[in-house]
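Going down the list, the protein sequences come from chains A and B. Letter by letter, the first sequence follows residues 153 to 485 of my numbering. Letter by letter, the second sequence follows residues 153 to 485 of my numbering. For every residue, glycine included, the Cβ atom is placed at its ideal position computed from N, Cα and C. First comes the structure, then the notes that go with it.
2 protein chains.
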Amino acid sequence: MAELEKMAGVRIDGLQYTNYNRELFEDLKAAGLDCVHVTLAYWEDARQCLTLFSKWNRHFVEHSDLIMPVKTGADIVKARETGKVGIVFGAQNCSPIDAELGLVEVMNGLGLKFMQLTYNNQSLIGAGCFETEDPGISRFGKNVIAEMNRVGMVIDMSHSAERTTLEAIDISSRPISITHANPLSFKKSLRNKSKAVLSALTERGGMLGFVLYPLFLKDGAETSLEDFTEMVADTADRYGVDNIGIGSDLCRNWPYEVVEWMRNGSWTFETVYGEGGAGVREWPKQPEWFEKASDFIKIESGLKRQGFHSTEIDKILGLNWYRFMDESFAPQS
Amino acid sequence: MAELEKMAGVRIDGLQYTNYNRELFEDLKAAGLDCVHVTLAYWEDARQCLTLFSKWNRHFVEHSDLIMPVKTGADIVKARETGKVGIVFGAQNCSPIDAELGLVEVMNGLGLKFMQLTYNNQSLIGAGCFETEDPGISRFGKNVIAEMNRVGMVIDMSHSAERTTLEAIDISSRPISITHANPLSFKKSLRNKSKAVLSALTERGGMLGFVLYPLFLKDGAETSLEDFTEMVADTADRYGVDNIGIGSDLCRNWPYEVVEWMRNGSWTFETVYGEGGAGVREWPKQPEWFEKASDFIKIESGLKRQGFHSTEIDKILGLNWYRFMDESFAPQS
């Protein structure tokens, strides 16, 4: 690990799901971001993920002046030094490993460094946050957690149900992540997290990324930057300033069909609307102060106005994610 | 690249297809081998290859004192320095990339560093040596060759037909390989190679690995070590000593069903016997002087008796493969 002081000022977004093109990669640069965790897959199986990786390989060829792949903490340092945006891959579901334990190491080798154990539904591993029942972590799930710990693939419980999440924190021998969610106290939502979860997560060294997806914000698109930074301050008061970051969940340049596919995958013939409200056939509207990646810089001034010191701001906007990724991406020694 | 003099004495087998276990990995060590190109797949598609990679990952975990994966020339140096046998993966067919150009880079990233453009049949890329017609390299094939050149995956034409092979040598911007075959002049076989092929191959810096699979030897299992080393000497006289090595094609610890599957895959409902002879339901018998990997050391004394100098022997038994792999595995600059 590079000395943390040297990495002060590093900026990392702990989750985005965007249909990138050159303009949008340039917007990541304009945001001052050194690294972004991007969603590779929602429902795709192992074979389909190979195609998704190959599409990203084309991005790396065509935009080699703007982006580079990240598999280690050292890669983040290199991205920063060369003025590129490092791209970390993650999946919002365990579908990339099919039902095959050995695929954890194979997918890790391909650069999948985050994996949610569930999306919104019951998976082969655990329960998603939209299920009414939550049986916790399955037999397969325990093996997957141990294997993710071994190879250095980070467990992400952003969309998982409460018991499944608490069990994952407990079973994992390494700190885990909730890359994009807010405290339940800020906004009642199936996706936001209870005090029990946030305490267990942060006590074990895990990371929470605050989300800017409007459905998980206090007043949706009307939520102010001040509301958001107040929530950050409240969370810092409760759980400290070392285990929090940003996971904006910024979704850009996708047609409506994509959010419908995120919700419905291939598991239903009916249209499920999630927390967006029945019949609402559009992406939820973002707060006007966070509509694009480069709005990331506004969070910095918001945190300043909220009274955070610059060393705290550095931690929240990147240094915590950097430290966590650097430690977590290494294979278990 | 490590200075070639420092690598004098490196020993590399340019192809084996063995069902390895601890005892057989120990036999690679006993052979003095620093690196072996092993066959990962014959007919398996992209998804099935992921499972094959995951099986090898278990070998690397369970026998980490004996073997390590090799993706670069530097890895071969490291294997030699740490007293391990480096394992390079290859496929005997282009099935690992399905019909998808982007999978060349994905498979290369997983460590597939050799790929035959065809096995014995017509593939999506070209004709195998058992076909009666040979249309040469297809449209897809030209793109695949360019992409293999770009990422540093080596083209292997061991099982390909004549025109397809000559076109691959010509189209490829980098030297290619025939990892396991002998000159046609030594033994008439669909699998052995003409003077036209061997001239074109070696003139462009490509490598030929002499094969010890009995069907491609002068007198089958009765072929003597002296017959074999005479062929090596004859080839060295014709094409020089810098582009030849060993690709033993040693097949060990497989039931008969495996050679049947190699020949029949899923492309026929009848039993095809290849050059083994109709109705022969067993693996062909090896010469008694080459029945196991550790018999590799006998080739050294055979070459000495044939009159080769020790610097020539070093080249043939490993240094040529090392130089070729080191150069070829690097991405195109």
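(1) On the premise that Val222 (chain A) lies in contact with Gly235 (chain A), defined as a C-beta separation below 8 Å, what is that separation, rounded to the nearest angstrom?
(2) Among all the DSSP beta bridges, which residues are the ones paired with Leu264 (chain B)?
(3) Just mark Glu434 (chain A) as buried or exposed, buried being the case when its beta carbon has 16 or more other beta carbons within 10 Å.
(4) Where do the N-terminal and C-terminal ends of the alpha helix (DSSP H) with His211 (chain A) fall, by residue?
(5) For the segment 255-272 of chain A, which residues have a CB atom closer than 9 Å to at least one CB atom of chain B, in sequence order?
(6) Contact between the segment 396-404 of chain B and the segment 203-219 of chain B: three or more CB pairs below 8 Å?
(7) If you measure from the beta carbon of Asn171 (chain A) to each beta carbon in chain B, is any gap under 7 Å?
(8) In this structure, what does DSSP give as the bridge partners for Cys187 (chain A)?
(9) What's the C-alpha gap between Met414 (chain A) and Trp195 (chain A)?
(10) List the residues of chain B that Phe205 (chain A) touches, going by C-beta distances under 7 Å, in chain order.
(11) Of all the residues that make up the segment 184-217 of chain A, which are near chain B by a beta-carbon distance shorter than 8 Å?
(12) How many angstroms separate the CA atom of Pro436 (chain A) from the CA atom of Phe241 (chain B)?
(13) Find the nearest neighbour of Gln438 (chain B) within the set B:Leu364, B:Val258, B:Ala198 and B:His332, judged by alpha-carbon distance.
(14) Of all the options B:Met477, B:Pro483 and B:Ser485, which has the alpha carbon lying nearest to the alpha carbon of Val229 (chain B)?
(15) According to DSSP, simplified to helix, strand and coil, what is Lys345 (chain A)?
(16) How far does the alpha helix (DSSP H) with Gly454 (chain A) in it extend, from its first residue to its last?
(17) Counting pairs of Cβ atoms below 8 Å between the segment 294-308 of chain B and the segment 339-346 of chain B, do you hit three or more?
(18) Closer than 9 Å, Cβ to Cβ, to anything on chain A: give me those residues from the segment 234-258 of chain B, in chain order.
(19) Let me know the secondary structure DSSP gives Met220 (chain B) once reduced to three states.
(20) So, with DSSP's three-state summary, where would you put Ala329 (chain A)?
(21) Out of B:Ala193, B:Arg199, B:Glu175 and B:Asp165, point me to the one whose CA is closest to Asp186 (chain B)'s CA.
(22) Exposed or buried, Lys347 (chain A), counting other C-beta atoms within 10 Å across all chains shown (16 or more means buried)?
(23) By Cβ distance below 6 Å, which residues in the same chain neighbour Asp179 (chain B) in space, the five residues on each side in sequence not counted?
(24) Please state the DSSP three-state secondary structure of Asp401 (chain B).
(25) If I measure Cβ to Cβ from Phe338 (chain A) and keep anything under 6 Å in the same chain, skipping five residues before and after, which residues do I get?
(26) Considering only their Cβ atoms, is the gap separating Gly280 (chain A) from Thr270 (chain A) smaller than 7 Å?
(27) Among the residues of its own chain, which have a CB less than 8 Å from the CB of Asn405 (chain A), if the five just before and after it don't count?
(28) Out of curiosity, what's the CA-to-CA distance linking Phe212 (chain A) and Gly263 (chain A)?
(29) Does the Cβ-Cβ distance between His332 (chain B) and Leu167 (chain B) come in under 7 Å?
(30) Within the continuous alpha helix (DSSP H) that includes Gly306 (chain A), where are the two ends?
(31) When the Cβ atoms of the segment 387-394 of chain A are set against those of the segment 153-162 of chain A, are three or more pairs found closer than 8 Å?
(32) Buried or exposed for Tyr474 (chain A), please, with buried defined as at least 16 other CB atoms from any protein chain shown within 10 angstroms of its CB.
(33) Hey, out of B:Lys294, B:Glu374 and B:Gly361, whose CA is closest to His189 (chain B)'s CA?
(34) Taking the C-alpha atoms as reference points, what is the distance between Ala198 (chain A) and Ile451 (chain B)?
According to the data block:
(1) Incorrect: roughly 14 Å between the Cβ atoms, too far for contact.
(2) B:Phe241
(3) exposed
(4) Ala198 to Glu214
(5) Leu255, Val256, Glu257, Val258, Met259, Gly261, Leu262 and Gly263
(6) no
(7) no
(8) A:Ile164 and A:Gly238
(9) 8 Å
(10) Val258
(11) Ala198, Arg199, Leu202, Thr203, Phe205, Ser206, Lys207, Asn209 and Arg210
(12) 47 Å
(13) B:Leu364
(14) B:Met477
(15) strand
(16) Phe448 to Arg457
(17) no
(18) Asp250, Glu252, Leu253, Gly254, Leu255, Val256, Glu257 and Val258
(19) strand
(20) In the sequence under discussion, the amino acid at residue 329 (chain A) is Ser, which differs from the Ala named in the question. Three-state result, Ser329 (chain A): strand.
(21) B:Asp165
(22) exposed
(23) Lys444, Ala445 and Ser446
(24) coil
(25) Lys370 and Met383
(26) yes
(27) Thr170, Asn171, Tyr172, Asn173 and Leu176
(28) 13 Å
(29) yes
(30) The residue you asked about is not Gly; residue 306 (chain A) is Val in the sequence shown. Segment Val306 to Asp308 is the beta strand (DSSP E) holding Val306 (chain A); no alpha helix (DSSP H) there.
(31) no
(32) buried
(33) B:Gly361
(34) 43 Å
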